[in-house]
Amino acid sequence: NYVLDPGVGNWSPLRSLDNDWVLCQNYERFSAFGRPVLAAVSRKSFIGNLVKKEPEDRLAGSLAVTMLLLQKGVSIVRTHDVPQTRDLISVFERMVNRP
14 NYVLDPGVGN WSPLRSLDND WVLCQNYERF SAFGRPVLAA VSRKSFIGNL VKKEPEDRLA
74 GSLAVTMLLL QKGVSIVRTH DVPQTRDLIS VFERMVNRP
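Residue numbering for the sequence shown follows the numbering used here, beginning at 14 and increasing consecutively.
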């Protein structure tokens, strides 16, 4: 089985931080491939650039983007902050009445 990782992050010198925002805003398009979609946005530079914080202080931004991506159909979340992200997912699932 395969998981789709859209590749959020500054992994190419040809990409700008704006590319990550656009990618996140359009995550729902990846569901068309019929594969599980990964969100790996924890502490990323595009969040830090916006909130002007170091990686270890980007929890709120990471959780905000993760929530948006859950709404857009993400099924797998990679994070540095497991307990906090687990709480976010629990609240999200309850809000949308997922078991």
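Cβ coordinates follow ideal geometry from the N, Cα and C atoms, glycine included.
Gly-86 is positioned such that its CB atom lies closer than 8 Å to that of Tyr-40. Contact annotation, Ser-58 with Val-50: C-beta distance approximately 21 Å; criterion of less than 8 Å not satisfied. Contact annotation: Ile-102 and Ala-52 have beta-carbon atoms that are not nearer than 8 Å. In terms of Cα proximity to Tyr-15, the closest of Asp-33, Gly-47, Thr-98 is Gly-47. Where Asn-32 is concerned, the enclosing alpha helix (DSSP H) starts and stops at 30-38. The bridge partners DSSP lists for Ala-52 are Val-90.
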